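The structure appears below as structure tokens.
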Amino acid sequence: MEKIGRFGQYGGQYVPETVMTAVHELEAAYEKYKNDPQFIEELKTLYRDYAGRPSMLYYAEKMTKDLGGAKIYIKREDLNHTGSHKINNVLGQILLAKKMGKKRIIAETGAGQHGVATATVCALFGLECEVYMGAEDCKRQSLNVFRMNLLGAKVTPVSSGTSTLKDAINEAMRDWVSNIETTFYCIGSVMGPHPYPTMVRDFQKIISQEIKDQLKEREGRLPDCVVACVGGGSNAMGAFYNFIEDKSVRLVGAEAAGRGISTPDTAATMALGSVGIFHGMKSLFLQDEYGQIAPVYSISAGLDYPGVGPEHTYLHDTGRADYVPVTDEEAVCAFEYLSKTEGIIPAIESSHAVAAAMKIAPEMGKDQILVINLSGRGDKDVYSIARYRGVDVVEE
Amino acid sequence: MKNRIDSCFEQLKAKGEKALITFVTAGDPDLETTEKLVLEMFDKGADIIELGVPFSDPIAEGITIQEASLRSLKNGTTLDKIFDTVTSLRQKTDKPLLLMMYINTIFRYGTERFFKGCADRGIDGVIVPDLPFEERDEISDTADKYGIYVINLVAPTSADRVSMIAKESKGFLYVVSSLGVTGTRKDITTDFDKLLAPLKNSDVPYCIGFGISSPEMAEKMSAYADGVIIGSAIVNKVAENGVTSPEIVGKFVSELKAPLR
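Chains A and B are the protein sequences, given in the same order.
Residues 1 to 396 (this note's numbering) are what the first sequence spells out, left to right.
Residues 1 to 261 (this note's numbering) are what the second sequence spells out, left to right.
Printed below as a string of structure tokens:
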């Protein structure tokens, strides 16, 4: 029997009883508003006037020539307001929260991109906002912490566990259970209990719709390959979704291998994970033989997560999408490469997609088209890349 | 074989007593102490004991049990070692033992293998805070096959879900006292008369847990239910006293049980 909120056997609603009523309430509200013409119109206006959509589809001519294979297009989600694709989802969820009469928004954040987007939209809508962020990530992304504070949000560092994204989600869930009647949990990726994986994907699928329309106008055809980075997997789900039925389009997710998939310092869930149930969903997780969730590592705070969204696991199982591990070193090289070649500084998360594309494009024909979903901009990462390269750029 | 939980509530009813259900995290500070704690608590008046199986990411727990889980995991506690402790305990006690654990621990161990293990070792029931009623199919058939009760939970937000959940409950129904995670609370303000009204004609006993930390609170809460569940207040004493905690915890348990008799 296929249950609701499932992608094959994955997904589900594994949350404490205390939040079940809220999850059902959210499900009902989302079902109601997703087809409501007024809601759709309001969201469309916000996307256009506030987020700056549609985002550009840029032909990376120098990169194409340099790599000598497929024609490379870059989907510029980095040019959205707040600097990443995260705003697409946050505008959708917070507009929904507003309709539901919620007064307080909580969120988790890894790199800080989702936290910044949430703080931004809360400022716009006049809602109270609290963002949970791993203490380690607060250190790695201190600029984003200050940015969220500027926007009026409270940032709560989480020092339990590994002090990263997974622990921030744990703490956000504990807050949610405690304040369920007033608080809306704005989850940042295609993960968590149903309806989040579906709802977040729906708010992100505009990316693949635009790629499709823009490429049709420019090239009169579909791409041959779409590449996106995968942590929880929201930008990838957004970039893949409208191509799933177009079987000629190869879908590639780049996951964070950290120091390599043969080392313990990795976050490559698809390569090394096993099926488990955690954070409200059945999916793949990095875990030990007793189901203890593994401490994971990646240079990228946004991909430093021991699981992956359930729809990705389904696409992986069915072979519809391929997932490739990309190491810190490869991602940093891609970060530098895109900066020098195209004058675009990508987020370290998105650099994983760039690195995967740099391997795939040369193997493709010159008449083929590859699209990189550039999920975010790299300003926030400049310090940590400098640190990685041993350059001291701290201002006195 | 009759489930020990059912026998326990029948005996309590006959004596006109309320149930005292206590919790300790298995392996905190070590499994030898856990065994001593269990025997001491039973001796001093606990009717049912929950053993917490430590999990790396216990999202339903407050700081007290989070830290206890971490201490236990650092000591190398595993489900297999906990099962061995249960085997040892079953030579010495015939009172109901439950495991409180997260669904991933069961799933990863293998549902069939897990419940067979519970039956072989003498576990009577499991409480899985991140497995809501709608997802019970994940384990319910296998648990039934081995005669292990999956204890259902209701919360202050459950409202019209209470009857639905109670109808399919076995052993007892775990009533979560307040919103939020486990941990001691100064006060509990839930309107139990309203929340538990649908249970008036229900056969299944129901016990209140989360936040009860003193004999006074235990007495107050027991007025609404068939028993009370005490976790963090005991785990705090284990944290403070380590291997010497059994005696201190035993004394606390007898104080908690007194007003329930």
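The beta carbon of each residue, even a glycine, is placed where N, CA and C say it ideally should be.
Remember, it's a predicted structure, so these values are computed and weren't measured experimentally.
- Chain order gives the chain B residues near Gln287 (chain A) as Asn104, Arg108, where near means a beta carbon separation below 8 Å.
- Taking CB atoms only, Glu17 (chain A) has a neighbour in chain B less than 9 Å away.
- From the listed residues B:Ala225, B:Pro246, B:Gly227, the smallest Cα separation to Val235 (chain B) is found for B:Pro246.
- Taking a Cβ-Cβ cut-off of 8 Å, the neighbours of Gly276 (chain A) in chain B comprise Asn104, Phe107, Arg108, given in sequence order.
- By the Cβ-count criterion, Met63 (chain A) is buried, with 16 or more other Cβ atoms from all chains shown falling within 10 Å of its own Cβ.
- Proximity of Phe23 (chain B) to chain A, defined by a Cβ-Cβ separation below 9 Å, is not satisfied.
- Positions of the alpha helix (DSSP H) runs, each at least 4 residues long and wholly inside the region 7-55 of chain A, are given as 17-33, 37-45 in order along the chain.
- By the Cβ rule, the region 50-65 of chain B counts as touching the region 81-99 of chain B, because three or more pairs are nearer than 8 Å.
- Residues of the region 157-178 of chain A with a C-beta atom less than 7 Å from some C-beta of chain B are Ser160, Gly161, Lys166, Asn170, Met173, Arg174, Val177, Ser178, listed in chain order.
- Under the 10 Å beta carbon count, Lys186 (chain B) is surrounded by fewer than 16 other beta carbons and is classified as exposed.
- Put simply, the backbone Cα of Ala218 (chain B) is about 46 Å away from that of Arg140 (chain A).
- Excluding the 5 residues flanking it on each side, Val158 (chain A) has same chain C-beta neighbours closer than 7 Å at Tyr132, Met133, Gly134, Ala135, Asp167, Ala168, Glu171, in chain order.
- Residues of the region 20-48 of chain A with a C-beta atom less than 8 Å from some C-beta of chain B are Met20, Thr21, Ala22, listed in chain order.
- Counted as a single uninterrupted DSSP element, the alpha helix (DSSP H) harbouring Val354 (chain A) occupies residues 348-360.
- The Cβ atoms of Asp226 (chain B) and Ala19 (chain B) lie closer than 9 Å to each other.
- Contacts with chain B (Cβ-Cβ distance below 9 Å) from the region 288-299 of chain A involve Asp288, Glu289, Tyr290, Gly291, Gln292, Ile293, Ala294, Pro295, listed in chain order.
- Between the region 77-87 of chain A and the region 261-279 of chain A, the count of Cβ pairs shorter than 8 Å is below three; the stretches do not touch.
- Looking only at A:Glu342, A:Ala331, A:Lys366, the smallest Cα-Cα distance to Asp381 (chain A) is reached by A:Ala331.
- Put simply, the CB of Val243 (chain B) is far from chain A, with every gap to its CB atoms at 9 Å or more.
- Apart from the 5 residues on each side of it in sequence, Tyr30 (chain A) sits with its Cβ closer than 7 Å to the Cβ of Leu96, Pro195, Met199 in its chain, given in chain order.
- Distance from the CA of Gly117 (chain B) to the CA of Phe172 (chain B), rounded to the nearest whole angstrom, comes to 22 Å.
- With respect to chain A, the C-beta atom of Pro132 (chain B) has a partner C-beta closer than 9 Å.
- Secondary structure note for Asp84 (chain B): its alpha helix (DSSP H) is the uninterrupted segment 79-90.
- In this chain, the beta strand (DSSP E) harbouring Gly209 (chain B) covers 206-209.
- Cβ proximity to chain A below 7 Å picks out Thr78, Leu79 from the region 78-102 of chain B.
- Residue environment analysis places Phe114 (chain B) among the buried positions, since at least 16 neighbouring C-beta atoms fall within 10 angstroms of its C-beta.
- Chain order gives the chain A residues near Val176 (chain B) as Pro16, Glu17, Thr18, where near means a beta carbon separation below 9 Å.
- Put simply, the backbone Cα of Val150 (chain B) is about 39 Å away from that of Ser262 (chain A).
- Contact annotation for Gln13 (chain A) against chain B: Pro132, Glu134, Glu135 [CB-CB distance below 7 Å, chain order].
- Going by C-alpha positions, Asp49 (chain A) is about 53 Å away from Leu199 (chain B).
- Residue pairing of Asn373 (chain A) in beta bridges, as defined by DSSP: A:Lys75.
- In this chain, the alpha helix (DSSP H) harbouring Met164 (chain B) covers 161-167.
- In the assembly as shown, Phe184 (chain A) is a buried residue. Its beta-carbon has 16 or more other beta-carbons within 10 Å.
- In the three-state reduction of the DSSP assignment, Cys186 (chain A) falls in the coil class, being assigned neither a helical nor a strand state.
- Interface flag for Asp43 (chain B) against chain A is unset, since no Cβ pair is found closer than 9 Å.
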